[in-house]
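Below is one structure, written out as structure tokens; comments come after it.
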Amino acid sequence: MLERKLGPNSAATQLELIILLADTPVEPVRKRYPTYHDVFCHLFERAIDGQLVSLLVNSYDVVRGEYPDQARVGRSQGLLITGSAASAYSDISWIHDLTRYIASLPSSQPDLKLIGICFGHQIIAQAFGANVTKNDLGWELGVRTIDLTEAGRAVFYPSQTKQQTIDIHQVHKDHVPKPPTGFINLGSTAICPCHGMIKLRHPGARPDLANIHMFTVQGHPEFSPEIVTDIIDVREQAGVIDSALAAQSRQDAALHDDGVDIARICVKLLAAAQ
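First residue of the sequence shown: 14, per the working numbering; consecutive thereafter.
Set out below in structure tokens:
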């Protein structure tokens, strides 16, 4: 287990977040960030900067079978599942264990907010009945602009009416073609119809933060241009992607992204659980 306290000890709002680590960074990224615990802590440090909020982050390596005890879960406001190079539909024991664990949480810990990032988005979808598949239309690598649904606009821009899109780093070929029953799609691109989901505690009511039980995005708010470029380099060298796709994706990785804003939404989501 890895633990880090972010923000001032005297903060008026003190939150706890569990992170389930489903992978380790590629070797070039590990030189700067040894684990995805470090990557997410860097993201959330930026998200709470200047706010009277502290965040205690406890991370567990689920690939090795590490999970929080019930006491830890009971005092945390949320649980986040990271991305992974693995596929949610793979017949691998730790993935089966993770899917079952996530499926059990609404009944065992009904007040806990669930957040899914990329693979985590797919695991949540799978745990509650959706299919996860390889996308026949190909990879999304680098920043993509997501066309938001009405629900997506309400979640990402609750005080605005004109903003229609959000930009986020992508590193995926697997996707969720359709959300599970009871989940609401947040947005799409030309080749990926579901780029995030919410599940409401009270269906039919407004998707405000207190009413959101689960929140997912297909993209990576925690990634930077440097991280995505390192991943592209590694996958090109391994022959996973060709040189033309790699070159275009490096350009796309340098585009503006809204990752910190998405992290701020996650923090507000946790605060709404108190």
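Virtual Cβ for every residue (Gly too), placed ideally from N, Cα, C.
By Cβ distance, which residues of its chain are closer than 7 Å to Thr242, with the 5 residues on each side in sequence left out?
-> Arg263, Ala266
Please list, in chain order, all residues of the same chain as Pro171 whose beta carbon is under 6 Å from its beta carbon, the five residues on each side excluded.
-> none
Do Leu34 and Tyr49 have their C-beta atoms closer together than 7 Å?
-> yes
For Asn71, which residues does DSSP report across the bridge?
-> Glu16, Ile31
Assumed close pair Ala276, Phe132 - CB separation to whole angstroms, cut-off 8 Å = In fact, because the Cβ distance is near 17 Å, the residues do not count as touching under 8 Å.
Expressed to the nearest angstrom, what Euclidean distance is found between the alpha-carbon atoms of Pro119 and His208?
-> 22 Å
Rounded to a whole number of angstroms, what is the C-alpha to C-alpha distance between Gly142 and Ile179?
-> 27 Å
Using alpha carbons as the reference points, say which of Val86, Ala164, Leu154, Arg88 lies closest to Val247.
-> Leu154
Mind listing, in chain order, the continuous alpha helix (DSSP H) runs of no fewer than 4 residues lying wholly within the stretch 146 to 221?
-> 163 to 169
C-alpha gap between Asp3 and Ile245, whole angstroms | This structure cannot speak to residue 3, because the chain is shown only from 14 to 287.
Should Gly91 and Ile61 be called a contact, given that it needs their Cβ atoms to be closer than 7 Å?
-> no
In the DSSP assignment, find the unbroken alpha helix (DSSP H) run with His226 in it and report its ends.
-> Element bounds for His226: not the alpha helix (DSSP H) but the beta strand (DSSP E), 225 to 230.
Compare the beta carbon distance of Gln231 and His134 with 7 Å and say whether it is the shorter of the two.
-> yes
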